[in-house]
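*Asks:* This is the structure I have questions about; it appears just below.
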Amino acid sequence: MFEKMFKLTDNHTTVRTEVMAGITTFMTMAYILAVNPSILGSTGMDTTAVLLATALASFLGTVCMAFMANLPFALSAGMGLNAFMAYTVVAGYGYSWQVALLAVFVEGLIFIVLSLTNVREAIFNAIPLTLKRGVSVGIGLFIAFIGLQNAGLSVASSTLVTITSFTDNFHTAGICALLALIGLFITAVLYIHRVNGAILFGILLTWIIGMLCELSGLYVPDAEAGFYTLFPAFGMTDFSKLGLTFGQCFNVDFGAVGIINFIVVIFSFLFVDIFDTLGTLIGVATKADMLDKDGKLPGIKPALLSDAIATSAGAILGTSTTTTFVESASGVAVGGRTGLTALVTGVLFLFSTLFAPIFTAIPSFATAPALIVVGFLMVGTVSEIRFDLDNLTDAIPAYLAIISMPLFYSISEGISMGVISYVLLNLAAGKGKKVTPLMYVLAVLFILKYIFL
0 MFEKMFKLTD NHTTVRTEVM AGITTFMTMA YILAVNPSIL GSTGMDTTAV
50 LLATALASFL GTVCMAFMAN LPFALSAGMG LNAFMAYTVV AGYGYSWQVA
100 LLAVFVEGLI FIVLSLTNVR EAIFNAIPLT LKRGVSVGIG LFIAFIGLQN
150 AGLSVASSTL VTITSFTDNF HTAGICALLA LIGLFITAVL YIHRVNGAIL
200 FGILLTWIIG MLCELSGLYV PDAEAGFYTL FPAFGMTDFS KLGLTFGQCF
250 NVDFGAVGII NFIVVIFSFL FVDIFDTLGT LIGVATKADM LDKDGKLPGI
300 KPALLSDAIA TSAGAILGTS TTTTFVESAS GVAVGGRTGL TALVTGVLFL
350 FSTLFAPIFT AIPSFATAPA LIVVGFLMVG TVSEIRFDLD NLTDAIPAYL
400 AIISMPLFYS ISEGISMGVI SYVLLNLAAG KGKKVTPLMY VLAVLFILKY
450 IFL
């Protein structure tokens, strides 16, 4: 059955290999079940509901990828996209999380149309390979920066950011920052020794050390300051919590929001999501060495369609944009080549809903090292960018994309800087012929975005 369904022989793989690859992929990305509730919880959303929505959306999207695209890629709530929803749309723009979810739902529908009409595939193929690599690196730095902030290691100062003082409030913020550093070291050691699920194990071990610190008095809970007990409340998952977010994207008072303002939010999500999703898919395909010699990904159309369907479904369930995860490369690295890998990962996400109380109790200092390590995995692509004098019209835009993402706190701004500079620099260097027509269109659209949005 699996042979006929996933063409295992044609892809030089076996059921056993695909199953192991699927388990590996799940173990390397299961941290999202702890991280996403932490990020979206800052908007006022119930963390258990977010976890259930994340797991179910991951299951749905990954199964779609398995059967529609037959690719070994897994999907879940995208890092960077969840940060955009929580810290920009809700905290920055001041909109409710219900409005943000509705915007995610609508742009998911738009992406379904764009995927069916080959627009997203054309955009993916139009972006030069060097710039794609720069996008992958920039996303890595951005995610790592979020990790440093969640760890309490990077804090605001007169120089915008600086490292925290470990001695001030040592028994709360100080010890948490120190535990995050210890967790980073543990995760790195596990990864060096190629332990499957190194990131997940790093999270769990850091959490356990934190609980030992609470028992010894090194960590002292202070609920008023936002530092709670590190011990989880064991019990069955309260699946009724999903009702707190399910369908809430349709519970929006447009009188309070305003249709014009809502359209602006949708366009903001469109610009961020279309390029964040493409950027993540670029990072996954590049990391997994699945791009062809022209920098194109075979079978990208059904992959993008799976992504779009999962985005709208995830918004209904109650989570931010669902997208392909770069950790899918870990399953590819152990031999995963078909949708059977994705199917196994999806089923494990469904099974994980039974353990919601454990995942939602994991503190941010334990999940922060995971973000920093994921950033490292994506930054490695920088070695494939040529920075020699003969390649400057490609390298400089890639560089601008890389530094813009963490410094402007936006993946889409990094891609915007990369696209605009690529077009302008190649025109100035007399190399306008190598710029595709769609790149000119994208550059103009990005410039118009800065003028009108």
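So that you can map any letter, position 84 of the sequence shown is 83 in numbering that gives the first Met the number 0, and since no number is skipped, the others follow by simple counting.
A virtual CB, placed ideally from N, CA and C, is assigned to each residue, including glycine.
Note that the coordinates shown come from a computational prediction; the quantities given were computed from them, not determined experimentally.
In chain order, what residues of the same chain have a beta carbon less than 6 angstroms from the beta carbon of Leu217, not counting five sequence neighbours either side?
*Replies:* Position 218 of the sequence shown holds residue 217. Closer than 6 angstroms at Cβ, skipping near neighbours: Ile174.
*Asks:* Going residue by residue through the segment 148-221, where are the continuous alpha helix (DSSP H) segments of at least 4 residues, counting only ones entirely within it?
*Replies:* Listed in chain order, they are 174-191, 197-215.
*Asks:* Alpha carbon to alpha carbon, how far is Phe364 from Lys430?
*Replies:* Residue 364 sits at position 365 when you count from the first residue of the sequence shown. Residue 430 sits at position 431 when you count from the first residue of the sequence shown. Going by the C-alpha atoms only, they are around 48 angstroms apart.
*Asks:* From Ile265 to Glu106, what distance separates their C-alpha atoms?
*Replies:* As a first step, residue 265 is located in the sequence shown; it is residue number 266 there, counting from the start. As a first step, residue 106 is located in the sequence shown; it is residue number 107 there, counting from the start. Going by the C-alpha atoms only, they are around 7 angstroms apart.
*Asks:* Between the alpha carbons of Ala222 and Thr171, how many angstroms are there, rounded?
*Replies:* Residue numbering aside, residue 222 sits at position 223 when the sequence shown is read from its first letter. Residue numbering aside, residue 171 sits at position 172 when the sequence shown is read from its first letter. Approximately 10 angstroms between the Cα atoms of the pair.
*Asks:* Could you spell out the range, first to last residue, of the beta strand (DSSP E) harbouring Ser75?
*Replies:* As a first step, residue 75 is located in the sequence shown; it is residue number 76 there, counting from the start. Note, Ser75: beta strand (DSSP E), 74-76.
*Asks:* Since Thr359 is in the alpha helix (DSSP H), which residue starts that stretch and which ends it?
*Replies:* Here residue 359 refers to the residue found at position 360 when the sequence shown is read from its first residue. Note, Thr359: alpha helix (DSSP H), 355-359.
*Asks:* With DSSP as the reference, label Phe5 as helix, strand or coil.
*Replies:* Mapped onto the sequence shown, residue 5 falls at position 6. It is helical.
*Asks:* Which stretch, first to last residue, makes up the alpha helix (DSSP H) that contains Thr310?
*Replies:* For this step, residue 310 is matched to residue 311 along the sequence shown. Looking at the DSSP string, the run of the alpha helix (DSSP H) that includes Thr310 is 299-316.
*Asks:* From Phe226, Asn260, Lys448, Pro436, pick the residue whose C-alpha is nearest to that of Ser411; which is it?
*Replies:* In the sequence shown, residue 411 corresponds to position 412, counting from 1. Of the listed residues, the one whose Cα sits closest to Ser411 is Lys448.
*Asks:* Leaving out the 5 sequence neighbours to the left and right, which residues in its chain are closer than 6 angstroms to Val251 when beta-carbon positions are compared?
*Replies:* Here residue 251 corresponds to residue number 252 of the sequence shown, with the count starting at 1. Correct list, in chain order: Gln97, Val98, Leu101.
*Asks:* For the alpha helix (DSSP H) that contains Thr53, what are its first and last residues?
*Replies:* The residue given as residue 53 occupies position 54 in the sequence shown. Note, Thr53: alpha helix (DSSP H), 46-63.
*Asks:* Is Phe104 helix, strand or coil when you go by DSSP?
*Replies:* Taking the first residue of the sequence shown as position 1, residue 104 is located at position 105. Looking at Phe104 - three-state DSSP - the assignment turns out to be helix.
*Asks:* What separation, rounded to the nearest whole angstrom, lies between the Cα atoms of Leu370 and Phe72?
*Replies:* The residue labelled residue 370 in the question sits at position 371 within the sequence shown. The residue labelled residue 72 in the question sits at position 73 within the sequence shown. Their Cα atoms are separated by approximately 19 angstroms.
*Asks:* Can you tell me the Cα-Cα spacing of Cys212 and Pro405, whole angstroms?
*Replies:* Within the sequence shown, the letter at position 213 stands for residue 212. Within the sequence shown, the letter at position 406 stands for residue 405. So the alpha carbons of these two residues sit roughly 32 angstroms apart.
*Asks:* Give me whichever residues DSSP pairs with Thr322 in a beta bridge.
*Replies:* Here residue 322 corresponds to residue number 323 of the sequence shown, with the count starting at 1. BP columns for Thr322 point to Ser75.
*Asks:* If you drop the 5 nearest sequence neighbours on each side, which residues of the same chain put their C-beta closer than 6 angstroms to that of Leu303?
*Replies:* Reading the sequence shown from its first residue, position 304 is the one you call residue 303. Closer than 6 angstroms at Cβ, skipping near neighbours: Ser114, Arg119.
*Asks:* Could you say which of Leu177, Leu130, Gly201, Asn168 lies nearest to Val188 if we only look at CA atoms?
*Replies:* Position 189 of the sequence shown, counted from the first residue, corresponds to residue 188. Of the listed residues, the one whose Cα sits closest to Val188 is Gly201.
*Asks:* Between the C-alpha atoms of Val346 and Ile262, what's the straight-line distance to the nearest angstrom?
*Replies:* The sequence position of residue 346 within the sequence shown is 347, counting from 1. The sequence position of residue 262 within the sequence shown is 263, counting from 1. Those two C-alpha atoms are separated by around 36 angstroms.
*Asks:* Can you check which of these residues, Arg15, Gly417, Leu199, is closest to Tyr439 by C-alpha distance?
*Replies:* Within the sequence shown, the letter at position 440 stands for residue 439. Answer by Cα proximity: Gly417.
*Asks:* With respect to the alpha helix (DSSP H) encompassing Tyr421, which residues constitute its N-terminal and C-terminal limits?
*Replies:* As a first step, residue 421 must be located in the sequence shown, where it is residue number 422. Counting along the chain, the alpha helix (DSSP H) containing Tyr421 begins and ends at 410-427.
*Asks:* Exposed or buried, which one is Met64 when buried takes at least 16 other CB atoms within 10 Å?
*Replies:* The residue you call residue 64 lines up with position 65 of the sequence shown. Counting Cβ neighbours within 10 Å, Met64 comes out buried, since at least 16 surround it.
*Asks:* How is Phe226 classed by DSSP in three states: helix, strand or coil?
*Replies:* Within the sequence shown, residue 226 is the residue found at index 227, counting from 1. Strand, per DSSP.
*Asks:* Consider the Cβ of Thr23: report whether some Cβ of chain B lies at a distance smaller than 9 angstroms.
*Replies:* This model lacks chain B altogether, as it is built from one protein chain only.
*Asks:* Along the chain, where does the alpha helix (DSSP H) that runs through Glu383 open and close?
*Replies:* Locating residue 383 in the sequence shown gives position 384, counting from the first residue. Glu383 -> no alpha helix (DSSP H), and no H or E assigned at all.
*Asks:* Are the Cβ atoms of Pro36 and Leu50 separated by less than 9 angstroms?
*Replies:* Here residue 36 is taken as the residue at index 37 of the sequence shown, counted from 1. Here residue 50 is taken as the residue at index 51 of the sequence shown, counted from 1. Yes; because the gap between Cβ atoms is below 9 angstroms, this pair is in contact.
*Asks:* From this set, Met84, Gly379, Phe5, which residue's C-alpha is nearest Glu17's C-alpha?
*Replies:* Translated into the one-based positions of the sequence shown, residue 17 becomes position 18. With distances taken between Cα atoms, Glu17 lies closest to Phe5.
*Asks:* Output needed for Gly298: all residues of its chain with C-beta closer than 8 angstroms, excluding positions within five of it in sequence on either side, in chain order.
*Replies:* Position 299 of the sequence shown, counted from the first residue, corresponds to residue 298. Closer than 8 angstroms at the Cβ level, and outside the excluded window around Gly298, lie Ala68, Asn69, Leu70.
*Asks:* Below 8 angstroms on the Cβ atoms is my contact criterion, and I expect Asp45 with Thr244 to pass it. Report the Cβ-Cβ distance as a whole number of Å.
*Replies:* Locating residue 45 in the sequence shown gives position 46, counting from the first residue. Locating residue 244 in the sequence shown gives position 245, counting from the first residue. Contact flag correct, Cβ pair sits at about 7 angstroms.
*Asks:* Taking all protein chains shown into account, do 16 or more other C-beta atoms lie within 10 angstroms of the C-beta of Gly225, making it buried, or fewer, making it exposed?
*Replies:* Here residue 225 refers to the residue found at position 226 when the sequence shown is read from its first residue. Looking at its Cβ environment, which holds fewer than 16 other Cβ atoms inside 10 Å, Gly225 is exposed.
*Asks:* Please name the residue, chosen from Gly338, Phe354, Glu383, that lies closest to Val62 on a Cα-to-Cα basis.
*Replies:* By one-based count along the sequence shown, residue 62 stands at place 63. Among Gly338, Phe354, Glu383, the Cα nearest to that of Val62 is on Gly338.
*Asks:* Would you kindly work out how many angstroms separate the C-alpha atoms of Phe358 and Phe66, rounded to a whole number?
*Replies:* Locating residue 358 in the sequence shown gives position 359, where the first residue counts as 1. Locating residue 66 in the sequence shown gives position 67, where the first residue counts as 1. So the alpha carbons of these two residues sit roughly 28 angstroms apart.
*Asks:* Do three or more CB pairs link the segment 156-170 to the segment 340-356 at distances below 8 angstroms?
*Replies:* No, the segment 156-170 is not in contact with the segment 340-356.
*Asks:* Find the nearest neighbour of Leu437 within the set Asn124, Leu241, Phe407, judged by alpha-carbon distance.
*Replies:* Within the sequence shown, the letter at position 438 stands for residue 437. Out of Asn124, Leu241, Phe407, Asn124 has the C-alpha closest to the C-alpha of Leu437.
*Asks:* Are Gln247 and Gly137 closer than 9 angstroms when you measure CB to CB?
*Replies:* The residue labelled residue 247 in the question sits at position 248 within the sequence shown. The residue labelled residue 137 in the question sits at position 138 within the sequence shown. Contact: no.
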